[in-house]
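>
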Amino acid sequence: MAKYVDGFVIPLPKKNFAAYKRMATWGRKMWMKYGALQYFECVADDLKVQKGCGLGFAKGARLKPNETVVVAFIVYKSKAHRDAVNKKVQADPSMKQIPPNMPFSVARMMFGGFRVTVEG
Numbered sequence: 000m001a002k003y004v005d006g007f008v009i010p011l012p013k014k015n016f017a018a019y020k021r022m023a024t025w026g027r028k029m030w031m032k033y034g035a036l037q038y039f040e041c042v043a044d045d046l047k048v049q050k051g052c053g054l055g056f057a058k059g060a061r062l063k064p065n066e067t068v069v070v071a072f073i074v075y076k077s078k079a080h081r082d083a084v085n086k087k088v089q090a091d092p093s094m095k096q097i098p099p100n101m102p103f104s105v106a107r108m109m110f111g112g113f114r115v116t117v118e119g
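Given below as structure tokens:
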């Protein structure tokens, strides 16, 4: 069965990394509790781009000098499984405890759902 992935690219102020990591750790617990297969939050470590080799995350995410970028993804059995897991997560009472001030700009976050076509 082909898997499904929700992917995210998040410009993050470096000063907010600790708060973001706490939020991401809570998110991992929630999504795994309701059936996600895997949950990843990855912070940029090497954003250098060789000349002529593409756009790069720093430029693509329009990073400001005080920012880094997080690439996050959640793996599911299928799109239907993703929809079921997300419905359970959204219905969890602890979702009401999410603070209104996120450690990053939600308006600049990129996200989408992806069918896995090659896996190894």
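Take the sequence shown: its position 45, counted from the start at 1, is 44 in the working numbering, and no numbers get skipped. The beta-carbon is built from N, C-alpha and C at its ideal position, and this holds for glycine as well. Being a predicted model, the structure only gives us computed values, none of them experimental.
(1) Quick check on the burial criterion: 16 or more other C-beta atoms within 10 angstroms. Buried or exposed for L54?
(2) Can you list, in chain order, the residues of its chain whose CB lies under 7 Å from that of M22, leaving out five sequence neighbours each side?
(3) Let's test the definition: count the other Cβ atoms within 10 Å of the Cβ of E118 and tell me whether it reaches 16, buried, or not, exposed.
(4) With distances taken Cα to Cα, identify the nearest neighbour of V105 among K2, Y3, Y19.
(5) Closest by CA to K63, which one among G6, H80, K14?
Taking the structure as given:
(1) exposed
(2) P102
(3) exposed
(4) Y19
(5) K14
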